[in-house]
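Position 4, counted from 1, in the sequence shown is what the UniProt record's numbering calls 4; the numbers after and before it change by one each time, with no gaps. Even glycine gets a Cβ: it sits at the ideal position worked out from N, Cα and C. If you're wondering where the values come from, they're calculated on a predicted model, not measured in any experiment.
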Amino acid sequence: MKQLVPTFTKTILKGDVQALSELYTSSIQGSTDSLTFYESVVRPSMYRIGDLWEKNQITVAEEHLATATLKYLLASVYTPYEVSERRPKGLLFCIEGEQHSLGLELANEVFKEQHWNTRYLGANVPIRDAVTFVKAWRPQAVAISIGMTTTIQQLKECLEEIEKVQPDIKILVGGRLISHYKLEFLKKDSIKTFYDLRELNEYLEEHADQFLALIEEKISN
Numbered sequence: 001m002k003q004l005v006p007t008f009t010k011t012i013l014k015g016d017v018q019a020l021s022e023l024y025t026s027s028i029q030g031s032t033d034s035l036t037f038y039e040s041v042v043r044p045s046m047y048r049i050g051d052l053w054e055k056n057q058i059t060v061a062e063e064h065l066a067t068a069t070l071k072y073l074l075a076s077v078y079t080p081y082e083v084s085e086r087r088p089k090g091l092l093f094c095i096e097g098e099q100h101s102l103g104l105e106l107a108n109e110v111f112k113e114q115h116w117n118t119r120y121l122g123a124n125v126p127i128r129d130a131v132t133f134v135k136a137w138r139p140q141a142v143a144i145s146i147g148m149t150t151t152i153q154q155l156k157e158c159l160e161e162i163e164k165v166q167p168d169i170k171i172l173v174g175g176r177l178i179s180h181y182k183l184e185f186l187k188k189d190s191i192k193t194f195y196d197l198r199e200l201n202e203y204l205e206e207h208a209d210q211f212l213a214l215i216e217e218k219i220s221n
């Protein structure tokens with residue numbers, strides 16, 4: 001599957017939706033599960049594009065076109081899942097200042113495949129707005145993406161504010177930054193960090209009963 005990454009990357013950089021759909025249909029669809037597709041093809045392709053942008057080898061416009069092209073494909077291949085109110089709730093967003101949200105969109109799909117009831121807020125969410133949503137919706141978990149060192153302080157402040165309004169919430173943090181930095185304030189029992197979508201999927205599977213018990217307790221009260 002990884003051998004498709006160069007071709008996949010070139011195709012999304014061209015913004016050729018039809019060619020991308022044909023590539024997916026001929027080489028990917030039916031030959032692997034969605035998680036392997038996300039981890040082995042989508043994520044490395046977006047990392048390549050990010051590296052090209054950081055090295056000024058592509059423009060901001062080209063990077064945006066590639067992202068939009070990929071999102072178009074993903075929207076067409078996502079599988080809808082029915083979710084009841086008796087399932088755990090997960091709130092997903094990128095910290096304020098983070099503009100790249102594709103990885104979190106994929107994480108949202110992982111949550112939904114595990115039959116979570118999710119709300120995906122997208123990129124660059126102000127701390128106040130995230131906290132307000134937590135207070136109103138009372139999710140069992142929040143998943144936050146961080147990719148830049150310039151947003152570390154915002155992440156720290158956001159986590160502190162969320163835990164003030166809902167001390168029992170589980171906080172899941174992922175993103176490119178997690179692979180490169182050890183952040184001391186994330187070393188808490190209430191916080192779990194993830195290097196990739198497979199780790200996230202395994203965590204949700206392993207703790208499914210625990211989260212379901214929280215839902216049943218809430219309903220009974």
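1) Should residue 150 go down as buried or exposed, given a rule of 16 or more other Cβ atoms within 10 Å for buried?
2) Starting from the C-beta of residue 193, find all residues in its chain whose C-beta is less than 6 Å away, skip the five residues before and the five after it, and write them out in chain order.
3) Note down, in chain order, each residue of its chain lying with its Cβ closer than 7 Å to the Cβ of residue 63, except the 5 sequence neighbours on either side.
4) I think residue 39 touches residue 197, with their Cβ atoms under 8 Å apart; what is that distance to the nearest whole Å?
5) Tell me the DSSP secondary structure of residue 119 in three-state form.
6) Going by C-alpha distance, which of 1, 91, 191 is nearest residue 31?
7) Quick check on this structure: which residue in 12, 202, 26, 36 has the alpha carbon closest to the alpha carbon of residue 69?
8) Quick test of the definition: if touching needs 3 or more C-beta pairs under 8 Å, does the region 23-37 touch the region 82-91?
9) For residue 200 and residue 107, which I take to be in contact (beta-carbon distance under 8 Å), what is that distance rounded to the nearest angstrom?
If we stick to the structure as given:
1) Indexing the sequence shown from 1 puts residue 150 at position 150. Counting Cβ neighbours within 10 Å, residue 150 comes out exposed, since fewer than 16 surround it.
2) Counting from one through the sequence shown, the residue named residue 193 turns up at place 193. These residues qualify, in order along the chain: 173, 178, 186.
3) By 1-based counting over the sequence shown, the position of residue 63 is 63. Only 49, 53 meet the Cβ criterion.
4) Along the sequence shown, one-based indexing puts residue 39 at 39. Along the sequence shown, one-based indexing puts residue 197 at 197. Their Cβ separation, rounded to whole angstroms, is 6 Å, which keeps residue 39 and residue 197 in contact under 8 Å.
5) Working through the sequence shown from its first residue, we reach residue 119 at position 119. The answer is strand: DSSP assigns residue 119 an E or B state.
6) The residue you call residue 31 lines up with position 31 of the sequence shown. Checked all of 1, 91, 191; the closest Cα to residue 31 is 1.
7) Your numbering for residue 69 matches position 69 in the sequence shown. Among 12, 202, 26, 36, the Cα nearest to that of residue 69 is on 12.
8) Segments in contact, no.
9) Along the sequence shown, one-based indexing puts residue 200 at 200. Along the sequence shown, one-based indexing puts residue 107 at 107. Yes, residue 200 and residue 107 are in contact; Cβ-Cβ is about 6 Å, under 8 Å.
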